[in-house]
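Beneath this line is the structure, given in structure tokens, with notes to follow.
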Amino acid sequence: MDITSQLSTFLAAGGGEEGHKVTVNFIGTMVYFGLVLAVVFGLLSVARKGFRPGVFQGRLANWSEQLYLFIENLCVSIIGSHGRKYVPFIITFWLIIFISNLVALFFPTSPTALLSFNLGMAIISIFYVQWEGIKQNGFIGHFSHFAGPKLGGALVLISVMLFFIELVSETMKMVSLSLRLYGNIHGGHEAVHGMNQITSAFPMGELLIPVKMLTVVVQALIFCLLTCVYISLVTHEPHDEHHGEAHAH
Amino acid sequence: MYLPIALGLAALGVAIGLGMIGNGAMNGMSRQPEAIGKMQTAMLIAMAFVELVFLLTVFVGAGAFKGS
């Protein structure tokens, strides 16, 4: 059996071919995603009551302020001074992935433990990066960037080759983003199941919860971090700041 | 029957890679504590790429291995 058909049957089964297999259909995914959205909107609507001019009141409002500052710091330090524009985009990803991973701690499955959901988020992320690149550099400018530096004569063949290699690598970004998240969360479920097989007297898998809590934070952070890196690759600082730098030197 | 050995080898390689990244980052952080923020970011990105290799091995390679 060749790899592609094997992979498709493997993915259709939703994970390993033996062992415990929690597969949910579309409606089930949407139920879990509705749970995640309910938690996010519930927390934020409570936190919103504390947002008043002057001083923020309430613990949730303070926490969400800290979260905002954390994501803003991430965006500004990676993308640059114009990165503040992308904070709403990144913080949405962070909230959805973080709450979904928290759901994965206590439920047999969660949106981020499903490859199709992660692939959807990765497609949104990568296509937004392409959109931003086209908006900043122009359609021709963005895609000619794939071909590498300008080469003359017969070396143009190398540019054509580079262009297709870069296209493949852009596509692989989606695969890597989604597979990383899926592998970590689904792998956590598999590890818990494996440890539960040791003895029936005590659920040994629950001892893994501290390790999984680390994964929860790190995976949400890495998805946002890589999206920031991809955005920073295609965008550049506004022109007036370049002028300011040129005058300063 | 060779699948567990193959997965173990993959895990071994990834563990060595992650350890080297952690080692380098720790050395750099202890030398320059003021650059911890930047180093953590770079370290996490590098770790994510190394970890992806193992995930690809498990989810793509192992599936193909079983089918053959």
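Protein sequence lines correspond, in order, to chains E and X. For reference, each letter of the first sequence is one residue, going 26 to 274 in this note's numbering. For reference, each letter of the second sequence is one residue, going 9 to 76 in this note's numbering. Backbone N, C-alpha and C fix where the C-beta goes; we use that ideal spot for every residue, glycine too.
Of all C-beta pairs linking the segment 32-47 of chain X to the segment 13-20 of chain X, fewer than three are shorter than 8 angstroms, placing the two stretches out of contact. Cα atoms of Ile234(E) and Val181(E): separation of roughly 54 angstroms, rounded to the nearest angstrom. Runs of the alpha helix (DSSP H) spanning 4 or more residues and lying entirely within the segment 187-249 of chain E do not occur at all.
Cβ atoms of Leu206(E) and Thr134(E) stay farther apart than 8 angstroms, at about 14 angstroms.
Ranking Leu192(E), Asn98(E), Trp119(E), Thr196(E) by CA distance to the CA of His170(E) puts Leu192(E) first.
Note that the segment 210-228 of chain E does not touch the segment 98-118 of chain E; fewer than 3 beta-carbon pairs, one per stretch, sit closer than 8 angstroms.
Residues of chain E whose Cβ lies closer than 9 angstroms to the Cβ of Ile53(X) are, in chain order, Ile247, Leu250, Leu251, Val254. Annotation: Cβ neighbours of Arg205(E) in chain X (cutoff 8 angstroms, chain order): Ala56, Glu59, Leu60, Leu63.
Nearest neighbour of Val56(E) by Cα position, chosen from Gly75(E), Ile103(E), Val128(E), Gly105(E), turns out to be Val128(E).
The Cβ-Cβ distance between Ile124(E) and Val61(E) falls below 7 angstroms. Just so you know, the alpha carbons of Pro174(E) and Gly163(E) end up roughly 17 angstroms apart. Looking at His214(E), Phe189(E), Ile151(E), the one whose alpha-carbon comes closest to that of Cys253(E) is Ile151(E). Chain order gives the chain E residues near Val66(X) as Gly208, Gly212, where near means a beta carbon separation below 8 angstroms. Gly105(E) sits in coil when the DSSP states are folded into three classes, being neither helix nor strand.
Per DSSP, reduced to three states, the secondary structure at Thr134(E) is coil, with no helix or strand assignment. In this structure, the CA atom of Tyr255(E) is about 21 angstroms from the CA atom of Gly208(E). The alpha-carbon of Gly75(E) is positioned some 33 angstroms away from that of Asn143(E). Assigned with DSSP and collapsed to three states, Leu60(E) falls in helix.
Within the same chain, Cβ atoms closer than 7 angstroms to the Cβ of Ala147(E) are found at Met199, Leu202, Ser203, the five residues on either side in sequence being excluded.
Of the residues Ile247(E), Gln91(E), Glu262(E), Ser141(E), the one whose Cα lies closest to the Cα of Phe57(X) is Ile247(E). Its chain contains Gly108, Arg109, Tyr111, Val112, Ile115, Cys253 as the residues whose beta carbon lies nearer than 8 angstroms to that of Cys100(E), once the 5 sequence neighbours on both sides are disregarded; these appear in chain order.
Of the residues assessed, Phe67(X) falls on the buried side of the cut-off, its CB having 16 or more other CB atoms within 10 angstroms.
Counting other Cβ atoms within 10 Å of its Cβ, Ile122(E) reaches 16 or more and is therefore classed as buried. Within chain X, the residues whose beta carbon sits less than 7 angstroms from that of Ser201(E) are Leu60, listed in sequence order. Excluding its 5 nearest sequence neighbours in each direction, Gln155(E) has C-beta neighbours in its own chain below 8 angstroms: His167, Glu195, Val259, listed in chain order.
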